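Notes follow the structure.
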Amino acid sequence: MRSFVISLLLVSNITIATDEVTPLDTTLSESEQKLIDWVDARHSDILAELKTHVDINTGTANIAGLNDYRELLAKDLSALGFDTKTVSSDPIPVLGCQIEDVQIADHLVASRQGTSSKRLLVNGHMDTVFSKNDEFQSLQVLEDGTLKGPGVADMKGGIVIMLNALRALHAQGLLQKANMTVLLNSDEEIGSLGSRALIEELAQKHDVGLVFEGSYQNLVTRARKGLGQARLKITGREAHAGGAHQEGVSANLELAHKIIAIEKLTDYQRKMTVNTGVMSGGEKRNTVPGCADAYIDLRFPSEKEGEELVESIRAIASSKTMANSKFPDLPKVEAWAVLHRPAKEENAAVDALISEAMGLSVLIGEPIVGTRYSGGGTDGSIAQAVGLPTMDSLGMDGLGAHSTREESTVKSLIARTKLAAIMLARQIEK
Ligand SMILES: [Zn+2]
0 MRSFVISLLL VSNITIATDE VTPLDTTLSE SEQKLIDWVD ARHSDILAEL KTHVDINTGT
60 ANIAGLNDYR ELLAKDLSAL GFDTKTVSSD PIPVLGCQIE DVQIADHLVA SRQGTSSKRL
120 LVNGHMDTVF SKNDEFQSLQ VLEDGTLKGP GVADMKGGIV IMLNALRALH AQGLLQKANM
180 TVLLNSDEEI GSLGSRALIE ELAQKHDVGL VFEGSYQNLV TRARKGLGQA RLKITGREAH
240 AGGAHQEGVS ANLELAHKII AIEKLTDYQR KMTVNTGVMS GGEKRNTVPG CADAYIDLRF
300 PSEKEGEELV ESIRAIASSK TMANSKFPDL PKVEAWAVLH RPAKEENAAV DALISEAMGL
360 SVLIGEPIVG TRYSGGGTDG SIAQAVGLPT MDSLGMDGLG AHSTREESTV KSLIARTKLA
420 AIMLARQIEK
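Under numbering that gives the first Met the number 0, the first residue of the sequence shown carries the number 0, and numbering increases by one thereafter.
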């Protein structure tokens with residue numbers, strides 16, 4: 000039995016767990032070498048395809064962009080013998096001062112049935128955090144092989160890797176046996192609030208999950224924190240800031256008290272963090288603000304701490320700091336909270352996949368050097384929470400996700416395509 004030794008080191012303020020797993024001792028078969036040769040003959044095509052994908056803006060709110068991208072992917076997967084369908088999600092209602100419901104583009108489900116006894120769920124997301132008005136819009140390929148672009152690692156690169164791995168298998172006749180579903184959703188970057196039920200339904204019908212989110216410093220993620228989100232809306236009373244100040248109830252001031260109380264819930268020792276990422280209130284300098292709202296991110300090591308955070312936020316929301324005896328019902332505080340991604344715990348079946356990927360990556364020439372515990376989320380957490388062992392981080396190795404510093408390398412694009420092809424082939428053979 001393999002034993003894992005966890006050591007903690009601090010890199011760029013991120014706590015990373017690396018374990019001393021010896022990569023699985025493995026060799027490449029003749030047909031696996033052919034998969035590698037297939038990829039090696041197509042470096043420039045794969046890079047050109049990545050540019051096409053990155054250059055289509057798919058910010059979560061860009062429904063037209065996501066529709067175009069989904070149609071392109073559906074065409075490519077159909078050409079590989081997959082039956083494709085789209086699945087829609089209802090708009091997500093939002094608690095806030097001037098916010099409309101969030102519209103979600105349709106998701107793509109592509110499947111094919113074969114004789115393999117392992118049913119594989121291959122999972123990724125089409126959306127990125129970059130809106131169509133963002134300055135960061137297209138792929139740049141630098142002379143040293145650095146790739147910069149919106150979603151290059153998170154996760155257009157992962158989708159291109161997955162597609163080309165499937166093409167390599169198809170070219171060798173290795174897809175025939177596959178029992179596989181490819182699920183590409185369009186709302187991962189806002190927490191998969193619309194696609195969660197679809198992920199859970201499909202996860203329960205499969206045996207192994209593979210997620211093509213990126214990795215970091217060639218460390219793959221072994222376990223992850225859970226994620227939650229909360230919104231607060233404060234309703235006060237508008238009044239002239241000079242002539243009738245005492246007739247007003249400031250929503251901004253009440254929200255300020257609430258935020259200070261909520262931010263105190265962060266507890267690094269217990270791996271619990273709270274971040275008020277967005278807050279707004281009022282419209283005019285010379286009016287007592289009548290409405291204020293906030294959008295808050297929650298991270299936690301297990302469901303218990305997640306529920307504790309939600310309860311604490313509800314308790315803070317139910318107390319009032321401000322008071323105006325003329326308007327005893329104000330300020331009115333409303334709260335909404337959801338734990339949208341369960342924590343992803345260590346899992347023996349996933350560890351076996353990681354060990355296999357590590358061993359193969361050494362043979363391919365870009366070694367995965369270890370594993371880490373991540374504060375970030377993936378849809379693999381949702382799938383694993385309903386019983387599907389799911390390995391993530393199979394996409395591009397990258398840096399700077401969710402910022403204009405996002406980058407990866409051509410080397411990683413090619414190496415991970417080879418790795419994905421062999422990992423998929425081995426699962427299909429089971
Ligand atoms: Zn992602």
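For glycine and all other residues, C-beta sits at the position ideal for the given N, C-alpha and C. The structure displayed is predicted, hence computed values, not measured ones.
No heavy atom of ligand 1 is found nearer than 6 Å to the CB of E406. At least 7 Å separates the beta-carbon of Q102 from that of N178. The continuous stretches of alpha helix (DSSP H) do not include K84, which lies in the beta strand (DSSP E) extending over residues D82 to V86. Nearest Cα to I381 within the set Q203, Y372, S28 and H106: Q203. Closest in alpha carbon position to A351, among E142, R221, G213 and N56, is R221.
Take the alpha-carbon of H42 and the one of G148: they are about 18 Å apart. Rounded to the nearest angstrom, the gap between the Cα atoms of N122 and S407 is 20 Å.
Contact annotation: S194 and D186 have beta-carbon atoms nearer than 7 Å. Per DSSP, the continuous alpha helix (DSSP H) segment holding H256 begins and ends at A250 to E262. For K232, the uninterrupted beta strand (DSSP E) run begins and ends at G225 to T234, by DSSP.
A residue is called buried when at least 16 other Cβ atoms come within 10 angstroms of its Cβ; P388 meets this threshold and is buried. The way I'd put it, the segment 301-318 doesn't touch the segment 52-66; fewer than three beta-carbon pairs between them come closer than 8 Å.
Shortest gap from the CB of D153 to any heavy atom of ligand 1: under 6 Å.
Judged by beta-carbon spacing, A334 lies within the 7 Å limit of R313, meaning their Cβ atoms are closer than that value. The continuous beta strand (DSSP E) containing Y372 extends over residues G369 to S373. Here the segment 402-421 makes contact with the segment 355-367; the two share three or more CB pairs at distances below 8 Å. Annotation for V361: P22 place their beta carbon closer than 7 Å to its own, counting only its chain and skipping 5 residues before and after. In the DSSP assignment, R118 falls outside any alpha helix (DSSP H) and within the unbroken beta strand (DSSP E) covering R118 to H124.
The C-beta separation of S373 from R223 comes to about 5 Å, placing the pair in contact by the 8 Å criterion. In its chain, beyond the 5 residues on either side, E246, G247 and V287 have a beta carbon closer than 6 Å to the beta carbon of A238. Pairing M390 with S318, the inter-Cα distance amounts to about 43 Å. Just measuring C-alpha positions, the residue of V273, L201 and K283 sitting nearest G241 is K283. Look at R166 here: in three-state DSSP terms it is helix. Closer than 6 Å to some heavy atom of ligand 1: that does not describe the Cβ of E253. Boundaries of the beta strand (DSSP E) harbouring Y294: C290 to F299, taken from the DSSP string. According to the DSSP assignment, S407 belongs to the beta strand (DSSP E) that extends over E406 to T408. Runs of the beta strand (DSSP E) lying entirely within the segment 30-99, each at least 3 residues long, are 82-86 in chain order. Within a 10 Å sphere around the beta-carbon of Y215 sit 16 or more other beta-carbons, which makes this residue buried.
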